[in-house]
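Asks: In my numbering, the protein residues as written are 1 to 678. Got a structure here, written out as structure tokens. Questions coming.
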């Protein structure tokens with residue numbers, strides 16, 4: 001078991017005790033090996049053919065992310081096959097196989113299944129009610145989506161000339177994203193993990209799960225394998241009701257049977273008299289309780305406080321006449337949209353700006369402390385560390401930071417040139433600012449938040465502000481493939497690789513394999529499902545709610561550059577500078593108060609994460625965090641339980657994934673037969 005004491009090397013600054021606990025959950029490996037081989041290639045093909053369509057369907061049906069389930073099922077199958085062949089898979093091979101399986105599923109829970117998911121959404125958006133209500137119908141350029149009356153949309157097919165330009169630009173962005181991931185993303189890993197020594201509390205999930213499987217192959221009695229099995233049984237039992245019944249019933253009925261309401265149990269129309277203008281409901285998912293076991297406690301508490309604050313604040317704002325768009329009888333989606341227009345859109349921008357300022361301040365303080373520590377050692381004659389904090393660990397498979405700078409410059413520069421060609425009115429100054437200031441800054445801040453609290457937060461609306469300042473009219477500026485991405489998550493991926501002793505070059509090879517494979521399979525399977533029926537529709541309840549919510553929220557910004565002189569757009573109704581200032585001031589002051597009283601810094605990240613968002617999943621997440629804190633930590637010890645909880649969660653996803661894939665297979669087989677000409 002790893003030493004729980006803080007690291008003492010120069011440049012290592014402990015942010016608080018809880019973060020240091022997560023940093024030392026696993027021992028640092030002493031050697032590194034490659035994990036890329038033929039098993040990786042076969043695993044990518046297997047996962048793409050067997051689980052790719054299931055992930056798409058599950059995301060549309062229930063919003064469940066199948067990424068982790070697909071990863072663990074793939075690893076289990078391959079480990080059993082190799083065992084029967086009298087061979088074993090190393091820990092490094094399993095880690096790479098996990099990454100490949102996750103990459104093959106790809107996308108978010110609401111829109112999984114590779115790059116063509118976004119194209120299907122574009123096909124929905126150009127004909128949506130949100131676009132028509134915003135006055136943007138028919139104004140989308142041909143390089144972004146086909147015209148609303150295109151045969152490619154009525155026939156629901158990608159095999160049409162109207163899709164040629166959007167697909168070509170999609171290919172271009174895949175290539176540039178790959179380059180930037182392993183240049184800027186890698187540099188952020190070196191900064192946040194090697195220099196700042198952040199804990200990355202979610203990284204042990206994949207690392208410890210792969211260890212459980214390695215030990216199980218060797219025939220050793222392992223607590224990790226036991227924990228993994230417990231989670232798998234829980235996942236099998238719950239997924240039969242949550243996923244299995246809706247997926248199988250949808251193969252034979254017009255609307256699926258949902259014993260557990262999907263995507264959540266709606267309570268807003270019931271509670272609107274007691275809590276006006278407040279979205280209420282609950283996501284019934286056992287997995288959220290297990291997630292609460294894993295996420296740092298104070299980050300969950302911060303999110304819960306944000307929900308409580310929303311429940312108190314929204315009725316006050318409504319009765320004060322500030323939330324005027326909301327009407328009684330609205331559901332959660334329309335309540336969230338109306339509140340965003342009146343208040344939370346501007347408040348969220350301010351809180352994001354405040355969080356950015358806080359993160360930058362923390363980083364500067366830590367780096368200054370590291371420099372002072374090195375100077376103190378030099379002045380007192382204490383032995384200095386054997387290598388610079390910027391020096392990579394020997395044998396880890398690192399590459400040159402200079403190469404990263406050149407590669408990122410070329411990739412981002414080509415995107416700048418493309419954007420200028422598509423919309424000549426767009427200022428080169430703003431494009432360069434996107435590529436070489438905003439993207440690195442946003443990626444770094446998210447890498448840092450991930451390293452501290454295991455969370456992802458989209459911070460400042462700088463991109464939107466720059467578009468407004470550019471003076472470009474129409475919707476084209478919002479659709480540009482701007483050189484703006486978030487590569488902060490790469491730092492956590494590479495930290496996981498490091499914890500398992502896997503060379504970082506294995507990750508590069510794996511992505512060179514999966515990127516073209518994902519593109520082809522995404523085209524095939526999305527074409528199949530889209531051809532089978534409209535997306536979204538009653539057959540896909542989660543997509544039907546969330547795609548509509550996303551479309552309405554998107555129109556708030558896109559109308560900012562489309563109105564005629566004197567016309568009040570949706571953006572004009574949503575922009576309130578005074579609320580931006582309140583949000584920024586509140587975030588900074590709250591952080592200062594926490595620092596003065598020595599409270600956990602993760603509380604502020606959780607608070608920003610939850611304020612103004614759909615709160616329905618936070619109830620069970622908080623329950624899990626409380627049970628872990630006040631029962632399991634006392635019964636089993638804090639550190640042993642924090643080591644076991646990620647393995648239980650991984651097992652849960654594997655068990656749920658087995659049920660999901662079986663149920664979805666039935667649905668897809670029936671759909672395939674119904675399209676057959678015989």
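No residue lacks a Cβ here, since even glycine has one placed at the ideal position from N, Cα and C.
Given a cut-off of 8 angstroms on the beta-carbon distance, is the pair residue 575 and residue 136 in contact?
Replies: Here residue 575 is taken as the residue at index 575 of the chain shown, counted from 1. Here residue 136 is taken as the residue at index 136 of the chain shown, counted from 1. Contact: no.
Asks: Could you please give the first and the last residue of the uninterrupted alpha helix (DSSP H) stretch that includes residue 166?
Replies: Taking the chain shown and counting its residues from 1, one reaches residue 166 at position 166. Per DSSP, the unbroken alpha helix (DSSP H) holding residue 166 starts and ends at 164 to 181.
Asks: Based on DSSP bridge pairs, tell me the residues matched to residue 33.
Replies: Residue mapping note: residue 33 aligns to position 33 of the chain shown, counting from 1. Answer is 502, bridged to residue 33.
Asks: Within this structure, are the beta carbons of residue 657 and residue 73 separated by less than 8 angstroms?
Replies: The count along the chain shown starts at 1 and reaches residue 657 at position 657. The count along the chain shown starts at 1 and reaches residue 73 at position 73. Taking 8 angstroms as the Cβ cut-off, residue 657 and residue 73 qualify as a contacting pair.
Asks: Kindly give me the distance between the Cβ atoms of residue 52 and residue 521, rounded to whole angstroms, as I take these residues to be in contact under 8 angstroms.
Replies: As a working mapping, residue 52 is identified with position 52 in the chain shown. As a working mapping, residue 521 is identified with position 521 in the chain shown. About 5 angstroms separates the two Cβ atoms, so the contact holds.
Asks: In the DSSP assignment, what residue or residues form a beta bridge with residue 266?
Replies: The residue labelled residue 266 in the question sits at position 266 within the chain shown. Paired residues: 281.
Asks: Please report the straight-line C-alpha distance between residue 360 and residue 673, rounded to a whole angstrom.
Replies: The residue labelled residue 360 in the question sits at position 360 within the chain shown. The residue labelled residue 673 in the question sits at position 673 within the chain shown. Whole-angstrom Cα-Cα distance: 57 angstroms.
Asks: Residue 443 and residue 408 - do their beta-carbons sit closer together than 8 angstroms?
Replies: Counted from its first residue, the chain shown places residue 408 at position 408. Counted from its first residue, the chain shown places residue 443 at position 443. Going by C-beta atoms, residue 408 is not nearer than 8 angstroms to residue 443.
Asks: Residue 536 and residue 124: beta carbons closer than 8 angstroms?
Replies: As a first step, residue 536 is located in the chain shown; it is residue number 536 there, counting from the start. As a first step, residue 124 is located in the chain shown; it is residue number 124 there, counting from the start. Cβ atoms of residue 536 and residue 124: closer than 8 angstroms.
Asks: Take residue 355 as the anchor and find which of 311, 415, 301 and 445 has the nearest alpha-carbon.
Replies: For the purposes of this step, residue 355 is taken as the residue at position 355 of the chain shown. Among 311, 415, 301 and 445, the Cα nearest to that of residue 355 belongs to 445.
Asks: What alpha helix (DSSP H) runs, 4 residues minimum, are completely inside the segment 289 to 366?
Replies: You should have 297 to 319 and 332 to 339.
Asks: Return helix, strand or coil for residue 156, following the three-state DSSP convention.
Replies: On the chain shown, position 156 is the one that residue 156 refers to. Here residue 156 sits in coil by DSSP.
Asks: Let me check understanding here. Comparing Cα to Cα, which of 406, 94 and 59 lies closest to residue 507?
Replies: To locate residue 507, count along the chain shown from 1; it is residue 507. For the residues 406, 94 and 59, the minimum Cα distance to residue 507 belongs to 94.
Asks: To which residues of the same chain is residue 476 closer than 7 angstroms at the C-beta, ignoring the five residues directly before and after it?
Replies: Mapped onto the chain shown, residue 476 falls at position 476. The answer, listed in chain order, is 141 and 423.
Asks: Taking only the alpha-carbon atoms, compute the straight-line gap between residue 642 and residue 394 and give it to the nearest angstrom.
Replies: Locating residue 642 in the chain shown gives position 642, counting from the first residue. Locating residue 394 in the chain shown gives position 394, counting from the first residue. Distance between the alpha carbons of residue 642 and residue 394 is about 29 angstroms.
Asks: Leaving out five residues before and five after residue 659 in sequence, what residues of the same chain have Cβ atoms less than 8 angstroms from its Cβ?
Replies: The count along the chain shown starts at 1 and reaches residue 659 at position 659. Counting only Cβ-Cβ distances below 8 angstroms, and skipping sequence neighbours, we find 235, 236, 239, 240, 243 and 244.
Asks: Excluding the 5 residues preceding and the 5 following residue 189 in the sequence, name in chain order all residues of the same chain whose CB lies nearer than 6 angstroms to its CB.
Replies: Taking the chain shown and counting its residues from 1, the one referred to as residue 189 is at position 189. Cβ neighbours of residue 189 beyond the five flanking positions: 491 and 494.
Asks: Exposed or buried, what is residue 483 when buried is set at 16 or more other beta-carbons lying within 10 Å of its beta-carbon?
Replies: If you number the chain shown from 1, residue 483 lands on position 483. Per the 10 Å Cβ criterion, buried.
Asks: Could you check if residue 327 is buried or exposed, using at least 16 other CB atoms within 10 Å of its CB as the buried criterion?
Replies: Taking the chain shown and counting its residues from 1, one reaches residue 327 at position 327. Exposed, by the Cβ-count rule.
Asks: Within 10 Å of its beta-carbon, does residue 255 have 16 or more other beta-carbons around it, so buried, or fewer, so exposed?
Replies: Residue 255 sits at position 255 when you count from the first residue of the chain shown. Answer is exposed; the Cβ neighbour count stays below 16.
Asks: Could you tell me if residue 663 is buried or exposed, where buried requires 16 or more neighbouring beta carbons within 10 angstroms of its beta carbon?
Replies: Here the question's residue 663 lines up with position 663 in the chain shown. Counting Cβ neighbours within 10 Å, residue 663 comes out buried, since at least 16 surround it.
Asks: At the level of alpha carbons, what is the spacing between residue 46 and residue 582?
Replies: Looking up residue 46 in the chain shown gives position 46. Looking up residue 582 in the chain shown gives position 582. Just so you know, the alpha carbons of residue 46 and residue 582 end up roughly 51 angstroms apart.
Asks: Can you name the start and end residues of the alpha helix (DSSP H) that residue 554 belongs to?
Replies: By 1-based counting over the chain shown, the position of residue 554 is 554. Its alpha helix (DSSP H) spans residues 541 to 558.
Asks: Mapping the DSSP letters down to three states, classify residue 425 as helix, strand or coil.
Replies: Residue 425 sits at position 425 when you count from the first residue of the chain shown. Here residue 425 sits in coil by DSSP.
Asks: What are the start and end residues of the alpha helix (DSSP H) that includes residue 583?
Replies: Working through the chain shown from its first residue, we reach residue 583 at position 583. 577 to 596 is the span of the alpha helix (DSSP H), which, as asked, contains residue 583.
Asks: Thinking residue 183 and residue 415 are a contact (beta carbons under 8 angstroms), I'd like their distance in whole angstroms, please.
Replies: For the purposes of this step, residue 183 is taken as the residue at position 183 of the chain shown. For the purposes of this step, residue 415 is taken as the residue at position 415 of the chain shown. So it is not a contact: roughly 13 angstroms between Cβ atoms.
Asks: Look at residue 172 and residue 526 and say whether their C-beta atoms are less than 8 angstroms apart.
Replies: Locating residue 172 in the chain shown gives position 172, where the first residue counts as 1. Locating residue 526 in the chain shown gives position 526, where the first residue counts as 1. Not a contact, by the Cβ cut-off of 8 angstroms.
Asks: Evaluate residue 596 with the Cβ neighbour count: other Cβ atoms within 10 Å of its Cβ, from every protein chain shown; 16 or more gives buried, anything less gives exposed.
Replies: Taking the chain shown and counting its residues from 1, one reaches residue 596 at position 596. Around the beta carbon of residue 596, fewer than 16 other beta carbons lie within 10 angstroms, which makes this residue exposed.
Asks: Which of the three DSSP states, helix, strand or coil, is assigned to residue 446?
Replies: Here residue 446 refers to the residue found at position 446 of the chain shown. Residue 446 falls in the helix class under three-state DSSP.
Asks: Is it right to say residue 265 is buried, meaning 16 or more other beta carbons lie within 10 angstroms of its own, or is it exposed?
Replies: Mapped onto the chain shown, residue 265 falls at position 265. Flag for residue 265 reads exposed.
Asks: Given a cut-off of 8 angstroms on the beta-carbon distance, is the pair residue 325 and residue 346 in contact?
Replies: As a working mapping, residue 325 is identified with position 325 in the chain shown. As a working mapping, residue 346 is identified with position 346 in the chain shown. No, they are not a contact pair.
Asks: So, under 8 angstroms CB-CB, residue 97 and residue 43 are touching, yes? Tell me the CB distance rounded to an integer number of Å.
Replies: Taking the first residue of the chain shown as position 1, residue 97 is located at position 97. Taking the first residue of the chain shown as position 1, residue 43 is located at position 43. So it is a contact: roughly 5 angstroms between Cβ atoms.
Asks: How long is the line joining the alpha carbons of residue 165 and residue 249, rounded to whole angstroms?
Replies: On the chain shown, position 165 is the one that residue 165 refers to. On the chain shown, position 249 is the one that residue 249 refers to. A direct Cα-Cα distance of roughly 38 angstroms separates residue 165 from residue 249.
Asks: Taking only the alpha-carbon atoms, compute the straight-line gap between residue 435 and residue 412 and give it to the nearest angstrom.
Replies: The residue given as residue 435 occupies position 435 in the chain shown. The residue given as residue 412 occupies position 412 in the chain shown. Rounded to whole angstroms, the gap between the alpha carbons of residue 435 and residue 412 is 6 angstroms.
Asks: In whole angstroms, what is the alpha-carbon distance linking residue 163 and residue 146?
Replies: Translated into the one-based positions of the chain shown, residue 163 becomes position 163. Translated into the one-based positions of the chain shown, residue 146 becomes position 146. One C-alpha to the other measures close to 6 angstroms.
Asks: DSSP state of residue 469, grouped into three classes?
Replies: Counted from its first residue, the chain shown places residue 469 at position 469. Three-state result, residue 469: helix.
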